[in-house]
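These notes concern the structure reproduced below.
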Ligand code: ADP
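Spelled out as structure tokens, the structure:
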């Protein structure tokens, strides 16, 4: 299959049920590295979304009766095809999203891992027999697929955020209507093509592409046939979607924004901490929800950490993700560049110190220079808002208690990181951090094997691991009497 025809600049169809549907209305997918149009994609609306739901409901009724072993076999074939098409998928992703090709290849491997894992896991969707209150009864608990799932996904991980939802949904016996982000619909369409090629039945996956999310989004969050909405994106939109879902009491999974602290204690291995800092801050040009937003560094190692960090940041190479040696690609659009600049300006105005970067990169467009800003304090914008860009904002602290208070001083609770070699402090800090995920002497924590998700305003539910499959099942309890 030639997936690269998706990025040849032509008109691209959406997938509504079993139909690849072109439209008279299309929207441009733009390469954030140079502003060129990569493709024109069908602009679907509310009626198309309803048709996708009808198809999903129909296909889902048959799919839930397919054996777990057969579901696993088809998911494995999809996984194999995704792996075989790594280069094409990575290229499509870099063209529409901007991340360096090496990172895009990494995302294909990461995204594919969910398909493999949940295919295997579908065979372990077991129920229970519970002790009964008296001997004339037996209590059975079975797990059933929730039904039609709407997956609303972001542009920062155009592939993995789809497989992390669709693979467990399909593994559990559900069908899925995907609404990809308007900036990155091509990766979603490429994945769907591969799913069909793998033999996953038509109608189980639809991809409803659209230029403005409200019309399609309203249908997905209010139609009573959709039983679960799984969303990854901003906290603001997540709260709105939650309120929309209330009307028909849908199950929801919300992976929302973070404001990750990264604490470096006096006894940390500083080189390891700087490695972790670079990975957790500058991957995807700082556009991940688990990106460090606030570096909190203890007084004794503050200057040494800054020196090492600045040194490494100077070594980052900014440019088009298609160029081999590039480590930091463009931001997704001009608004993203403005946001980073506003955090830098606000910090400098309020007394922070600029050590490197601080402005648009000389390449212009959506490129921003990797930046380190020291002496950041809690009154600055970057302390309370997710920057979503290549700005390392560094705070100084004196005591462990002060670090924990600063770290938890946010409504978000997604990811946190800390570096120390003291084992008592490892446990104290781990237990005190109000976060769903914690990297201890580790800057990269995502894997299909672990439950990804946040607490507080960072969301509801978990993706990945066996917990990720539970999210797409309902328990049914049966009391067998008269025995
Ligand atoms: P970001 O700020 O990172 O772009 P968003 O939360 O705006 O994150 O977008 C994440 C996903 O949510 C995208 O697919 C986007 O189209 C979708 N989205 C945004 N607003 C709505 C809405 N009103 N209804 C449904 N989906 C929406």
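Residue numbers (the UniProt record's numbering): 1 to 483.
Where is the CB? At the ideal position from N, CA and C, for every residue including glycine.
Point to revise | residue 103 classed as buried or exposed, judged by whether at least 16 other C-beta atoms fall within 10 angstroms | key: buried
Point to revise | Reference residue 185; option with closest CA among 96, 228, 377 and 423 | key: 96
Review point. Are the stretch 302–312 and the stretch 442–458 touching by the rule of at least three beta carbon pairs closer than 8 Å?
Key: no
Check your understanding: Leaving out five residues before and five after residue 290 in sequence, what residues of the same chain have Cβ atoms less than 8 Å from its Cβ?
Key -> 258, 260, 280, 414, 415, 437, 445 and 446
Practice item. Would you mind sorting residue 174 into buried or exposed? The rule is 16 or more other CB atoms within 10 Å of its CB. Key: buried
Practice item. For residue 44, count neighbouring Cβ atoms within 10 angstroms of its own Cβ and tell me buried if that reaches 16, exposed if not. Key: buried
**Study point:** Under 8 Å between C-beta atoms of residue 486 and residue 344
**Key:** Lying outside 1 to 483, the shown extent of the chain, residue 486 is not represented and no answer is given.
Review point. In the structure shown, what three-state DSSP assignment does residue 122 receive?
Key: helix
**Study point:** Closest Cα partner of residue 163 within the set 127, 120 and 112
**Key:** 112
**Study point:** Sequence-distant residues of its chain with Cβ nearer than 6 Å to residue 264 (five each side left out)
**Key:** 273, 297, 305 and 419
Exercise for review: Confirm the yes/no value for this check: CB of residue 237, any heavy atom of the ligand ADP, distance under 7 Å.
Suggested key: yes
Practice item. Could you tell me which residues DSSP puts in a beta bridge with residue 371? Key: 391
Check your understanding: Are residue 59 and residue 202 closer than 8 Å when you measure CB to CB?
Key -> yes
Exercise for review: Assign residue 197 to buried or exposed, taking buried as 16 or more other Cβ atoms, counted over all protein chains shown, within 10 Å of its Cβ.
Suggested key: exposed
Review point. Out of curiosity, what's the CA-to-CA distance linking residue 440 and residue 426?
Key: 7 Å
Check your understanding: Roughly how many angstroms lie between the CA atoms of residue 41 and residue 324, to the nearest whole one?
Key -> 28 Å
Practice item. Go to residue 93, then tell me how far its alpha helix (DSSP H) extends in each direction, as first and last residue. Key: 86–97
Point to revise | Beta-bridge pairing of residue 16 - partner residues as DSSP gives them | key: 19
**Study point:** residue 280 - DSSP class collapsed to helix/strand/coil
**Key:** helix
**Study point:** Exposure label - residue 136; buried when at least 16 CB within 10 Å
**Key:** exposed
Check your understanding: Would you say residue 241 touches the ligand ADP, meaning its beta carbon is less than 7 Å from a heavy atom?
Key -> yes
**Study point:** Inter-stretch contact at 8 Å, needing at least 3 Cβ pairs: the stretch 122–136 / the stretch 148–157
**Key:** no
Point to revise | Ranges of the beta strand (DSSP E) found wholly within the stretch 211–280, counting only runs of at least 3 | key: 226–232, 251–255 and 260–264
Check your understanding: So what's residue 359 in DSSP terms, helix, strand or just coil?
Key -> coil
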